[in-house]
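*Asks:* Note that full-length UniProt numbering numbers the sequence shown so that position 347 is 347, with each residue one more than the last.
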Amino acid sequence: MDADGGCDEDVAVRQATEAEGHAAGAYLAHPTADRAAAPGFGDFRGYFAQRKRKLALQAEQLSADGSSMMFSGVVFHINGYTQPSHYELKRLLVERGARFLHYLAKSEVTHIVASRLTLAKEKALRAYRVVRPEWVVDSVRAGRRLAWQAYALGAARMPPEEPVRMAPEVPLSLTPEVPPRMPPPPPANPAAAPVVDRFDEGLNRPWVRRNLATAPGFVERYYASSRLHHLATWKAEMQDLVGRLRSQQQQQQHRRPPAPADAGSRVVMHVDFDCFFVSVSLLGRPELQDAPAAVCHAQEAAADGSTSQIASCNYAARSFGVRNGMLLGQALAKCPRLATVAYDFAAYRRVAQAFFRVAVEMSDETQVLSVDEALLDVSRRAPHAEAAARLAEDIRARVFAATGCRVSVGMGPSACVARQATRRAKPDGAVWLALEDYLELPLRVTDLPGVGDVLGGQLAAAGLPHLADVRRNGLHHAQAAVGAANGLMVYEGAWGRDTGPVTSDTRRQAFGCEIGWAVRLSTAAEADGFVRQLAEHAYAAMRQAKRWARAVTVRVKVRREGAGKPSKFLGHGVCDAVARTLELRDRGVEHVMGVCCEALRALGVDPLDIRAVGVRLHRLEDDVEEGRGVADMLAAAAPASAACAMPSASQVDPEVLAALPADVRREIEQHYAGGSTSSNTGVSSAARPVARGSRRGRPRKLQLSTRQQQQQQQKQRRLTDVFRRVAQLDTVVPSQADATVWAGLPASVRREIAREYVRERQPTLQPPLPEKPAAAEDLAESEPSLCGASRVEDVCRLVAQWVEMADGCALAEDEDALAEYLEELVSRRNVVRAAEVLRYLRFCVGRWKPECSEWRRTLASVLARVNRVCVDMYDACLDL
1 MDADGGCDED VAVRQATEAE GHAAGAYLAH PTADRAAAPG FGDFRGYFAQ
51 RKRKLALQAE QLSADGSSMM FSGVVFHING YTQPSHYELK RLLVERGARF
101 LHYLAKSEVT HIVASRLTLA KEKALRAYRV VRPEWVVDSV RAGRRLAWQA
151 YALGAARMPP EEPVRMAPEV PLSLTPEVPP RMPPPPPANP AAAPVVDRFD
201 EGLNRPWVRR NLATAPGFVE RYYASSRLHH LATWKAEMQD LVGRLRSQQQ
251 QQQHRRPPAP ADAGSRVVMH VDFDCFFVSV SLLGRPELQD APAAVCHAQE
301 AAADGSTSQI ASCNYAARSF GVRNGMLLGQ ALAKCPRLAT VAYDFAAYRR
351 VAQAFFRVAV EMSDETQVLS VDEALLDVSR RAPHAEAAAR LAEDIRARVF
401 AATGCRVSVG MGPSACVARQ ATRRAKPDGA VWLALEDYLE LPLRVTDLPG
451 VGDVLGGQLA AAGLPHLADV RRNGLHHAQA AVGAANGLMV YEGAWGRDTG
501 PVTSDTRRQA FGCEIGWAVR LSTAAEADGF VRQLAEHAYA AMRQAKRWAR
551 AVTVRVKVRR EGAGKPSKFL GHGVCDAVAR TLELRDRGVE HVMGVCCEAL
601 RALGVDPLDI RAVGVRLHRL EDDVEEGRGV ADMLAAAAPA SAACAMPSAS
651 QVDPEVLAAL PADVRREIEQ HYAGGSTSSN TGVSSAARPV ARGSRRGRPR
701 KLQLSTRQQQ QQQQKQRRLT DVFRRVAQLD TVVPSQADAT VWAGLPASVR
751 REIAREYVRE RQPTLQPPLP EKPAAAEDLA ESEPSLCGAS RVEDVCRLVA
801 QWVEMADGCA LAEDEDALAE YLEELVSRRN VVRAAEVLRY LRFCVGRWKP
851 ECSEWRRTLA SVLARVNRVC VDMYDACLDL
């Protein structure tokens with residue numbers, strides 16, 4: 001230290017600065033002087049060359065005063081914060097013969113001094129001698145250079161710590177009286193230690209390295225022990241099981257699937273297990289039935305700092321404040337007597353299968369929501385509240401007898417009402433909730449299924465935090481806040497209505513996988529390798545279901561800048577999510593993996609900041625066998641036509657029967673001889689509407705039948721409509737016609753005369769007038785419909801599927817069907833519904849076909865046709 005309190009380095013810097021100032025002044029005073037003689041301020045490279053020469057000069061001055069050369073030949077670089085300080089280490093080394101590199105040059109350096117390294121730097125410097133500062137201090141204290149291997153940093157890498165408060169630097173004393181560095185004392189109360197202290201162990205421990213995302217076989221091991229993966233897999237398995245059981249049930253009873261009940265008479269049950277995982281896991285632990293218990297991976301009851309998450313806890317534990325998803329360490333702080341039990345995946349699967357067998361047997365229709373949750377439509381078994389309550393108790397008793405676990409049942413006129421009833425039924429109860437009571441509840445929009453924090457925040461920002469606000473402001477306000485589809489879903493839920501029926505005929509819309517634990521990547525190659533593993537896993541699941549994808553989305557969670565350490569060990573912590581979607585041009589697995597890597601690179605994310613990666617294969621289509629045409633696929637996807645009623649034998653005119661062709665007449669006589677008054681003869685496959693949700697096939701183009709065809713299938717067929725072979729008029733010859741003249745007529749003229757002849761001879765074939773007023777379902781048939789869909793949400797769903805699944809432009813018959821439906825709405829003075837469908841069509845075109853001019857032409861054509869009807873009726877056009 002000098003007299004002014006500054007250090008030697010400060011003196012050297014001031015001297016060098018003064019020298020540079022004199023040189024610069026001389027250079028400015030003589031602008032024509034040779035630049036090579038100047039200190040190099042002309043460019044960036046010259047400045048740093050001059051700076052390196054200055055630092056080397058300072059080092060030579062320090063080494064000239066040294067009395068020992070124990071570090072002779074050592075070329076060192078100091079990385080990051082150290083204790084002793086950067087200056088003290090440099091002085092100790094340079095005074096004893098070492099050469100200091102202020103900027104790391106890997107071709108020159110022999111030793112790197114560091115207290116800790118990041119994972120990336122550790123890998124980059126693996127081939128170099130990286131030592132801790134203690135090597136320098138201990139060597140100076142011993143008077144000789146010690147072996148560096150004992151002080152190698154290497155496997156002792158430490159993770160980043162909290163910001164360090166810099167203490168005033170004190171000159172290092174080399175006397176033996178200096179006390180050695182002691183580890184910090186343990187906390188006075190171990191139970192109060194923060195959970196994040198576990199992260200001080202770092203990522204270089206052998207167990208951690210074996211379980212990072214870069215380890216071989218990580219994806220397979222992760223999914224083998226992942227609760228969420230088993231839930232997703234079992235849900236698809238339970239859906240297949242329910243479909244098979246329902247088909248077997250219908251075959252045994254020789255009946256078709258029951259038609260959906262009227263909206264006013266629906267009874268829907270929501271059945272949910274009480275604490276599913278822990279209830280099943282405790283079946284073999286009767287001593288813990290009444291004790292606080294939870295299911296999680298960690299089984300060390302004394303692990304107060306454990307970051308293992310609780311998957312399920314029983315009501316005894318919840319009484320202490322323990323909740324699902326809580327960290328085990330936090331849960332033990334609330335309930336020290338909490339018992340932990342291990343996962344039993346085989347038992348979960350066995351119980352779920354038994355539960356859904358009971359559900360299918362005791363309901364009209366079953367929809368799988370999760371491995372422990374289902375919706376049951378029991379409208380025909382229990383048409384009113386009292387019958388539903390009795391049936392609910394039977395279901396609860398049957399499920400307990402089959403599984404040993406308790407379930408709660410919520411009942412109501414719709415699925416969303418039944419879900420709210422289940423909340424009031426838990427635990428181990430059954431509750432009926434009427435629609436008028438549902439509308440009185442102070443529910444928030446986030447209480448609806450499918451509305452999370454993001455959607456709820458958007459609705460709250462639009463002034464719609466509660467369902468009452470949604471009902472008061474109307475559908476348009478909700479759709480303006482969250483879009484057409486989400487707005488419709490929220491609006492219908494606010495009124496206690498469902499957007500679709502309870503059905504077991506559900507198909508997966510995507511295949512994918514996402515991992516957000518132990519994802520610690522260093523290089524782009526490791527990131528590509530990890531995303532390829534995820535893509536291969538998702539591809540295998542898709543091919544097992546015999547489906548193909550036309551698009552892939554790669555979703556990445558990136559560590560948010562300034563975010564601290566995650567609370568869960570090796571978790572992703574606070575992140576920002578980014579995603580990229582690309583089209584798939586080939587069906588091979590290598591192509592899919594390559595496109596996923598391309599999407600990841602397009603995001604431009606630093607691999608060091610990646611904390612979670614997900615791959616999603618979507619826009620699915622069925623696997624069509626080679627040689628199978630589109631017509632075959634459409635025919636397989638079309639539902640069987642409904643049976644139609646036949647006129648009684650007394651209604652058949654004998655004269656008309658005699659005029660029919662011989663083979664047709666024989667068929668009719670054989671039919672009535674068998675005593676049957678119904679026929680399964682349906683319309684031709686060309687007139688059948690294609691069911692996009694069919695289990696056997698899913699065409700890429702949505703074929704819409706026209707309104708006239710749809711109504712023709714629903715009405716009672718006349719005799720000439722039922723027996724299509726009457727259309728073979730070439731075999732009919734009027735009795736008054738000359739055979740020679742008849743044969744000389746053109747075929748078209750003969751058919752027209754024969755058609756008129758048959759029509760004149762069958763005046764009694766009109767159906768009899770109804771003797772009683774039409775039933776409610778007959779009156780409903782007169783409402784305009786599109787492919788059987790009459791409710792606006794069902795029509796919007798058809799329109800969305802039509803636009804999304806179409807490869808190119810819209811088919812003319814599809815366009816005509818939609819335009820005729822909208823024209824019928826306007827003609828019946830339902831302009832508001834027609835405008836809603838048109839707005840939704842415009843939204844779908846903008847979302848899925850934004851660059852397709854043909855779809856914009858289709859939208860304009862449909863709108864023009866609807867506006868022509870509007871002008872005729874109202875002398876005005878629709879304003880979308």
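No residue lacks a Cβ here, since even glycine has one placed at the ideal position from N, Cα and C.
Of all the options Ala835, Ala817 and Ala810, which has the alpha carbon lying nearest to the alpha carbon of Val792?
*Replies:* Nearest of Ala835, Ala817 and Ala810 to Val792, Cα basis: Ala835.
*Asks:* Between the C-alpha atoms of His476 and Cys809, what's the straight-line distance to the nearest angstrom?
*Replies:* 29 Å
*Asks:* For a quick check, are the C-beta atoms of Gly493 and Cys416 less than 7 Å apart?
*Replies:* Contact: yes.
*Asks:* Would you identify the three-state DSSP class for Lys557, choosing helix, strand or coil?
*Replies:* It is a strand residue.
*Asks:* Name the two residues that bound the continuous beta strand (DSSP E) containing Arg129.
*Replies:* Arg129 to Val131
*Asks:* Looking only at its chain, what residues have a beta carbon closer than 8 Å to the beta carbon of Ser861, apart from the 5 residues adjacent to it on each side?
*Replies:* Glu815 and Ala819
*Asks:* Can you list, in chain order, the stretches of the beta strand (DSSP E) that have 3 or more residues and sit fully within the segment 98-153?
*Replies:* 111-114 and 129-131
*Asks:* So Val869 packs on Glu823, CB below 8 Å; how close in whole Å?
*Replies:* 5 Å
*Asks:* Using alpha carbons as the reference points, say which of Trp495, Gly450 and Gln479 lies closest to Glu440.
*Replies:* Trp495
*Asks:* Which residue's Cα is closest to the Cα of residue 902: Leu534, Ile610, Tyr222 and Arg547?
*Replies:* There is no way to answer for residue 902, as the model of the chain reaches only from 1 to 880.
*Asks:* Mapping DSSP to helix, strand and coil, what is Val869?
*Replies:* In the three-state reduction of the DSSP assignment, Val869 falls in the helix class.
*Asks:* Roughly how many angstroms lie between the CA atoms of Ala540 and Glu851, to the nearest whole one?
*Replies:* 33 Å
*Asks:* Count Cβ pairs between the segment 835-844 and the segment 793-803 that sit closer than 8 Å; are there 3 or more?
*Replies:* yes
*Asks:* Tell me which same chain residues have a C-beta within less than 6 Å of the C-beta of Phe276, skipping the five on either side of it?
*Replies:* Closer than 6 Å at the Cβ level, and outside the excluded window around Phe276, lie Asp372.
*Asks:* Start and end of the alpha helix (DSSP H) containing Asn79?
*Replies:* Here Asn79 belongs to no alpha helix (DSSP H); instead the beta strand (DSSP E) covers Val75 to Asn79.
*Asks:* Would Asp528 be called buried (16 or more neighbouring beta carbons within 10 Å of its own) or exposed?
*Replies:* buried
*Asks:* If we call anything under 7 Å between Cβ atoms a contact, is Ala514 one with Thr214?
*Replies:* The sequence as given places Glu at residue 514; Ala does not occur at that position. Not in contact: Glu514 and Thr214 (Cβ atoms no closer than 7 Å).
*Asks:* Quick check: Arg532 and Met593, are their CB atoms within less than 7 Å of each other?
*Replies:* yes
*Asks:* Closest by CA to Ser408, which one among Val271, Arg847 and Asp469?
*Replies:* Val271
*Asks:* Beta-carbon separation of Arg419 and Val358 under 7 Å?
*Replies:* no
*Asks:* Is the beta carbon of Val615 sitting closer than 7 Å to the one on Ala538?
*Replies:* If you check the CB distance, Val615 and Ala538 come in under 7 Å.
*Asks:* Just to check my reading of the structure: Leu435 and Pro413 have Cβ atoms closer than 8 Å, yes? What is that Cβ distance to the nearest angstrom?
*Replies:* 5 Å
*Asks:* Going by the CB atoms, is the gap between His102 and Phe76 shorter than 7 Å?
*Replies:* no
*Asks:* Here's the rule I'm using: 16 or more other beta-carbon atoms within 10 Å means buried, otherwise exposed. How should Gln252 be labelled?
*Replies:* exposed
*Asks:* If you draw a straight line from the alpha carbon of Ile310 to that of Leu332, how long is it in whole angstroms?
*Replies:* Cα to Cα, the separation comes out at about 11 Å.
*Asks:* According to DSSP, what are the bridge partners of Cys275?
*Replies:* In the DSSP output, where bridge partners are listed per residue, Cys275 has none listed.
*Asks:* So what does DSSP say about Arg550, is it helix, strand or coil?
*Replies:* strand
*Asks:* Is any heavy atom of the ligand ZN found at a distance shorter than 6 Å from the C-beta of Thr553?
*Replies:* In the structure on display, the ligand ZN does not appear, and there are no ligands present to speak of.
*Asks:* Distance check for Pro216 and Arg209, CA to CA, integer angstroms please.
*Replies:* 10 Å
*Asks:* Determine the contact status of Met269 and Phe356, defining contact as a CB-CB distance below 7 Å.
*Replies:* Not a contact, by the Cβ cut-off of 7 Å.
*Asks:* Classify Gln367 as helix, strand or coil using the three-state DSSP reduction.
*Replies:* It is a strand residue.
*Asks:* Suppose you measure from the CA of residue 881 to the CA of Ala481; what does that come to, to the nearest Å?
*Replies:* Residue 881 lies beyond the residue range present for the chain, which begins at 1 and ends at 880; the question has no answer from this structure.
*Asks:* Alpha carbon to alpha carbon, how far is Thr233 from Val552?
*Replies:* Annotation: Thr233 to Val552 spans about 20 Å, alpha carbon to alpha carbon.
*Asks:* Starting from Glu492 and walking both ways along the beta strand (DSSP E), at which residues does that stretch end?
*Replies:* It is not in any beta strand (DSSP E) - Glu492 instead sits in the alpha helix (DSSP H) that spans Ala484 to Ala494.
*Asks:* Considering residue 881, what are the terminal residues of the alpha helix (DSSP H) in which it resides?
*Replies:* Nothing can be reported for residue 881: it is not among the residues displayed for the chain, which extend from 1 to 880.
*Asks:* Could you check the C-alpha separation between Asp394 and Glu361 for me, to the nearest Å?
*Replies:* 12 Å
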